[in-house]
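Just below is one structure, and these are the notes that go with it.
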Amino acid sequence: MPHSTHLYQHVPETRWPIVYSPRYNITFMGLEKLHPFDAGKWGKVISFLKEEKLLSDGMLVEAREASDEDLLVVHTRRYLNELKWSFAVATITEIPPVIFLPNFLVQRKVLKPLRTQTGGTIMAGKLAVERGWAINVGGGFHHCSSDRGGGFCAYADITLAIKFLFERVEGISRATIVDLDAHQVISISLQGVIKRDELVFRVVRGRQVPILMVTSGGYQKRTARIIADSILNLYGLGLIGPESPSISAQNSDTPLLPPEVS
């Protein structure tokens, strides 16, 4: 029997399936600037979308923080206890000075935002099934497993969202993770990111499969602008929106598959 959770809430139809909270953003005495990752990019994405008149606060779904009981659906108790040591969190976030902070501050200023983003991904999973699509403006902590974190990823939000769906939503027994985080010699242009996301949404929505987009990853300061532009492109093409029907997978100038090599 699944545990009781406050993450699977009713969302009015007037709100788009886009999940966010100002509590996503990490700010603490400038320590966040010691890491190349933009720890305030999630708020910047929302600001860009508001500037473009796509969204207002009343259209967003407010993310809720994942509780320990929620996290234990995937994580071990031992791992969650390790996060009560600042050294462990410093290693995971790759911000060495965090070692010297009292853990109650680390919990409040670093881990609470990440738990809220994790809750947002779980909430967005349910919305994706109900609405056909959803976006969590955060999450995507793919370097984390049940008993280990790293790469700025303390909680396995993607696995949690899938496990919640398997346990709580009838008819959901399979899921595919499309991981598009590019590293090292793999390169992609800014326009390539936008076209890449368009391709994924067009193919998936064309097959009437629910899709959830998470946005974390990317160390450059311009990442927020790219994410916002990608979301704007999806909206402009009718792939997302208050009433976005299934789209023909072939109705695009973006090729679905690379040409065959003879």
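The sequence shown begins at 1 in the UniProt record's numbering and counts up one residue at a time.
Even glycine gets a Cβ: it sits at the ideal position worked out from N, Cα and C.
From a predicted model like this one, the values you see are computed outputs, not experimental measurements.
CB contact flag (residue i, residue j, <8 Å)
i	j	result
Asp157	Thr76	no
Gly140	Ser21	no
Tyr24	Gln117	yes
Trp16	Val137	no
Val110	Ile162	no
Tyr8	Leu71	no
Ala224	Asp68	no
Gly125	Phe164	yes
Arg115	Glu65	yes
Leu234	Asp179	no
Gly132	Arg78	no
Leu127	Val11	yes
Val61	Ala228	no
Leu212	Ala134	yes
Member of the options whose CA lies at the smallest distance from the CA of residue i
i	options	result
Leu160	Lys195, Thr121, Glu51 and Leu111	Thr121
Glu52	Ala63, Ile231, Gly238 and Gly206	Ile231
Thr14	Asp57, His3 and Ala90	Asp57
Lys221	Leu190, Gly236, Ala63 and Phe201	Leu190
Ile226	Lys50, Ile194, Glu170 and Ile211	Ile194
Phe166	Val129, Gly238, Ser145 and Phe87	Val129
Ala175	Gly119, Pro210 and Phe152	Pro210
Lys84	Gly206, Val214 and Val98	Val98
Thr93	Gly206, Val214 and Cys144	Cys144
Gly149	Ala90, Val204 and Arg168	Ala90
Pro2	Gly241, Leu239, Val169 and Ser86	Val169
residue 264	Leu239, Gly171, Pro113 and Met123	Lying before the first or after the last residue shown, residue 264 is absent from the chain, which here runs from 1 to 262.
Asp19	Ser47, Lys50 and Met59	The residue asked about is misnamed: residue 19 is Val in this sequence, not Asp. Nearest C-alpha to Val19: Met59.
Phe28	Asp181, Lys112, Asp229 and Thr5	Lys112
Ile177	Ile188, Val200 and Gly171	Val200
Thr5	Gly236, Gly119 and Arg207	Gly119
Asp80	Ser173, Asn103 and Ile188	Correcting the residue identity first, residue 80 is Leu in this sequence and not Asp. Out of Ser173, Asn103 and Ile188, Asn103 has the C-alpha closest to the C-alpha of Leu80.
Collapsed DSSP secondary structure at residue i in the structure displayed
i	result
Ile188	coil
Tyr8	coil
Leu212	strand
Arg15	coil
Glu198	helix
Ile226	helix
Ile231	helix
Arg205	helix
Gly236	helix
Sheet register partners of residue i (DSSP bridge)
i	result
Tyr20	Glu62
Residue i Cβ short of 7 Å to the ligand SAH heavy atom set
i	result
Asp147	As far as ligands go, the structure on display features none, and thus does not contain the ligand SAH.
- Which parts of the UniProt domain "Histone deacetylase" (35–184) are runs of the alpha helix (DSSP H), unbroken and 4 residues or longer, counting only runs that do not cross its ends? 41–51, 68–71, 77–82, 86–93, 103–106, 112–131 and 157–168
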